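Undergrad: Provided herewith is a single structure, encoded as structure tokens, for subsequent inquiry.
Number of protein chains: 2
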Amino acid sequence: MAEQIHTAHLEALLGYNTRRAALHIIGAFMHNMAPFNLRPAEFSVLSLIRHNPGITSRQLCAALSILPPNLVVILKQFEKRKLIARKPHPTDGRAIGLSLTAQGEALMAEAEAVSAASDLSATQSLTATERKTLTRLLQKIYLQA
Amino acid sequence: MAEQIHTAHLEALLGYNTRRAALHIIGAFMHNMAPFNLRPAEFSVLSLIRHNPGITSRQLCAALSILPPNLVVILKQFEKRKLIARKPHPTDGRAIGLSLTAQGEALMAEAEAVSAASDLSATQSLTATERKTLTRLLQKIYLQA
DNA sequence: TATTGTTATACTCTATAACTATA
DNA sequence: TATAGTTATAGAGTATAACAATA
Chain A
0 MAEQIHTAHL
10 EALLGYNTRR
20 AALHIIGAFM
30 HNMAPFNLRP
40 AEFSVLSLIR
50 HNPGITSRQL
60 CAALSILPPN
70 LVVILKQFEK
80 RKLIARKPHP
90 TDGRAIGLSL
100 TAQGEALMAE
110 AEAVSAASDL
120 SATQSLTATE
130 RKTLTRLLQK
140 IYLQA
Chain S
0 MAEQIHTAHL
10 EALLGYNTRR
20 AALHIIGAFM
30 HNMAPFNLRP
40 AEFSVLSLIR
50 HNPGITSRQL
60 CAALSILPPN
70 LVVILKQFEK
80 RKLIARKPHP
90 TDGRAIGLSL
100 TAQGEALMAE
110 AEAVSAASDL
120 SATQSLTATE
130 RKTLTRLLQK
140 IYLQA
């Protein structure tokens, strides 16, 4: 019962290690973002809108691998919270350009600072160089193919 | 509309990068494991039972961060598929020791080979050295604290 | 005909409360 | 009283099908 469990075989898999590390970092993220009432997907949507004013739903879905029906729910809540504004797209009558309200901008200025601090805190066992190396290798995986 | 979306701010977050990479690798894993009818959590449970015969539910939950009620469902299906056997624990009457049946052993011998191949294929943009470095850094994150 | 945004809905994953039997 | 295992259920997260408006 008090025996040591052998996990070496699982720990040889990059899928297992990546998932465990992601859960660790994102767990801290969710805890630190709770005061802002933002979950990971919601934060990333607002962040992309902030740095790409006028972005459309379709572009958000493509960039974040979110399915359109699920984004609709997120944007609806943001509008209710007065964090985003919808403006007709200049050239495409079907599309709608998204941008942050002053309130959304204020929220995200704080939230992005907290997210960076949370990231550092959750990976404080790494040196700055190791963080940079890790970032490069992870992006090599999902930005290829 | 055809504008380039700026994702630099998100890509500076380790949480974002780790999650995207995990989704990439685990997507391949699920695709390759479909013939075995094993999803990620199910595979890891069977793998731990295989390399730790006699392991208990509680030990599985602790090692894999699975909540007991969710493990019950998984084990019930495994028993229906005749992949695992339950034997009373030698010293603790409350606990039950888990082990693979011959059928479960045969399935996992194949499944673990496929999982390793899937892992390599999903990270083929990395060199062997980079994979080793990545594994070390990821484990440093979630095995600490 | 293809695409943007939307609705409704289903399925999976994860989490909580409460129970039983053994320690 | 504490722990191992279980039941039932609720909540997120993710997925598919089908539609209206515009290109």
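So the protein sequences, as listed, match chains A and S.
First residue of the first sequence: 0, per numbering that gives the first Met the number 0; consecutive thereafter.
First residue of the second sequence: 0, per numbering that gives the first Met the number 0; consecutive thereafter.
Glycine included, every Cβ here is placed at the ideal spot set by N, Cα and C.
Since we're looking at a predicted model, the values are computed, not measured.
1. Under three-state DSSP, which class holds S:Leu97?
2. Find the residues of chain S that neighbour A:Thr17, judging by a C-beta separation of less than 7 Å, and give them in chain order.
3. Touching or not, the segment 31-51 of chain S and the segment 109-118 of chain S, by the rule of three or more beta carbon pairs under 8 Å?
4. Grouping DSSP H, G and I as helix and E and B as strand, with all else coil, what is S:Pro87?
5. By the 10 Å Cβ neighbour count, where 16 or more other Cβ atoms means buried, how is A:Asn51 classified, buried or exposed?
6. With a cut-off of 9 Å, does the C-beta of A:Arg38 fall near any C-beta of chain S?
7. Given that S:Asn51 touches chain A, what residues does it touch there, using C-beta distances under 7 Å?
8. Can you grab the Cα-Cα spacing for the pair S:Asp118 / A:His88, in whole Å?
9. For the alpha helix (DSSP H) that A:Glu129 lies in, which residues bound it at each end?
10. For S:Gln102 and S:Lys81, which I take to be in contact (beta-carbon distance under 8 Å), what is that distance rounded to the nearest angstrom?
11. Establish whether the CB of A:Leu97 and some CB of chain S are separated by less than 9 Å.
12. Going along chain A, which residues have a C-beta under 8 Å from S:Glu111?
13. Is the Cβ of S:Ser46 closer than 9 Å to any Cβ of chain A?
14. Under three-state DSSP, which class holds A:Ile4?
15. Would you report the Cα separation of S:Ile150 and A:Ala62, rounded to the nearest angstrom?
16. For S:Leu137 and A:Gly92, I'd like the C-alpha separation in whole angstroms.
17. Under the assumption that A:Ala94 contacts A:Thr128 (Cβ atoms under 8 Å), give the Cβ distance between them as a whole number of angstroms.
18. On the criterion of 16 or more Cβ atoms from any shown chain inside 10 Å, does S:Ala21 qualify as buried, or is it exposed?
19. Put S:Ile54 into one of helix, strand or coil per three-state DSSP.
20. Would S:Ser114 pass as a contact of S:Phe28 if the rule is Cβ separation under 9 Å?
21. Nearest to S:Ala121 by CA position, among A:Gly14, A:Thr6, A:Leu106 and A:Glu10, is which residue?
22. Hey, does A:Arg85 have any beta-carbon neighbour from chain S nearer than 9 Å?
23. Between which two residues does the alpha helix (DSSP H) carrying S:Gly14 extend?
24. Buried or exposed for A:Leu66, going by 16 or more other Cβ atoms inside 10 Å?
TA: Judging by the given coordinates:
1. strand
2. Thr17, Ala20, Ala21, Ile24 and Leu137
3. yes
4. strand
5. buried
6. no
7. Ile4 and His5
8. 42 Å
9. Ala127 to Tyr141
10. 5 Å
11. no
12. His8
13. yes
14. coil
15. No answer is possible for residue 150 of chain S: the residues shown for chain S start at 0 and end at 144.
16. 46 Å
17. Between A:Thr128 and A:Ala94 the Cβ distance is about 43 Å, and since that is not below 8 Å, they are no contact.
18. buried
19. strand
20. yes
21. A:Gly14
22. no
23. Leu13 to Met32
24. exposed
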